[in-house]
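Data block below; observations after.
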């Protein structure tokens, strides 16, 4: 869970991915980590 505090509108807007589990899986794979077939289920737990 991410928590942010926006004091006086000074924070940058961030576009969140529509499928964060896929983004994390791609990043893990790019670092040599094997991602299980049921990754989307595990990510949601």
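In this note's numbering, the protein residues as written are 4 to 48.
Every residue gets a Cβ at the ideal spot worked out from N, C-alpha and C, and that includes glycine.
Beta-carbon separation (whole angstroms), residue i vs residue j, contact threshold 8 Å
i, j, result
"residue 24", "residue 43", "5 Å"
Proximal residues to residue i (C-beta, below 7 Å), its chain only, five neighbours per side dropped
i, result
"residue 46", "24 and 27"
Test: residue i CB closer than 8 Å to a CB of chain D
i, result
"residue 48", "The question asks about chain D, but that chain is absent: this structure has only one protein chain."
Own chain partners of residue i with C-beta closer than 8 Å, once the 5 adjacent residues on each side are dropped
i, result
"residue 38", "28, 31 and 32"
"residue 21", "none"
Nonlocal neighbours in the same chain, by C-beta distance under 6 Å from residue i, ignoring five residues either side
i, result
"residue 12", "none"
Let me know the alpha helix (DSSP H) ranges lying completely inside the region 15-41, each 4 residues or longer, listed in chain order. 23-33
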